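Residue numbers (mature numbering (1 follows the signal peptide of the UniProt record, and there is no 0)): -23 to -1, 1 to 155.
Glycine included, C-beta positions come from ideal geometry on N, C-alpha and C.
Keep in mind it's a predicted model, so treat the numbers as computed, not measured.
Accompanying notes for the structure given below.
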């Protein structure tokens, strides 16, 4: 848990440092600020038991502040599959974030934070959701890898109930201007 928070803090500092380093390049006053919408599919690998795989879909609204920086709002549905007799855990993420293009206006770093609302099988817990990611985007395609940390979702560790779920996920999305 401490290492995860430490790694997230380092990633946030890197994003802010990149933003400050690139601030000189943003003298283009005639850039058209616009909204974009992305519809994506996700598959993830949870690191904790009893979860086997995470499959989901999302919708992301993006507002471009400049050619390199954007604000994001993401929601959707994810299902954490459990093998055996245990129930799967489905949740709705609600995240706000900041996206910074760092290389040739196609490679980006993004950080999102929000909440995950469990909605299936009688489990109604809400968890904090932290999600740094790295990705590649073109005019229509967005491919990214992200780490998600859900500290309030249950896990099993050595036959005891523990709290906190970490996972890595791959997202493939189609995006377009609104």
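Have a look at residue i and residue j and give me their C-alpha separation to the nearest angstrom.
i	j	result
residue 50	residue 153	15 Å
residue 73	residue 35	13 Å
residue 29	residue 62	13 Å
residue 98	residue 77	38 Å
residue 42	residue 88	16 Å
residue 155	residue 39	10 Å
residue 131	residue 18	24 Å
residue 148	residue 11	23 Å
residue 110	residue 75	10 Å
residue 53	residue 16	9 Å
residue 14	residue 119	11 Å
So residue i and residue j are in contact, right, with Cβ under 8 Å, and what is the actual spacing, rounded?
i	j	result
residue 103	residue 90	That belief does not hold up - the Cβ atoms of residue 103 and residue 90 are roughly 14 Å apart, past 8 Å.
residue 129	residue 107	Residue 129 to residue 107, Cβ: 11 Å. No contact.
Grab me the residues of residue i's own chain with a C-beta within less than 6 Å of its C-beta, minus the 5 sequence neighbours each way, in chain order.
i	result
residue 55	31, 33, 68
residue 84	113
residue 143	24, 126
Suppose contacts are defined by Cβ-Cβ distances below 8 Å. Is residue i in contact with residue j by that definition?
i	j	result
residue 150	residue 20	no
residue 82	residue 44	yes
Given residue i, which residues of its chain have a CB within under 7 Å of its CB, disregarding the five upstream and five downstream residues?
i	result
residue 57	23, 28, 31, 65, 66
Under 8 Å Cβ to Cβ from residue i, same chain only, skipping five residues before and after it: list those, please.
i	result
residue 122	110, 111, 112, 145, 146, 147, 148
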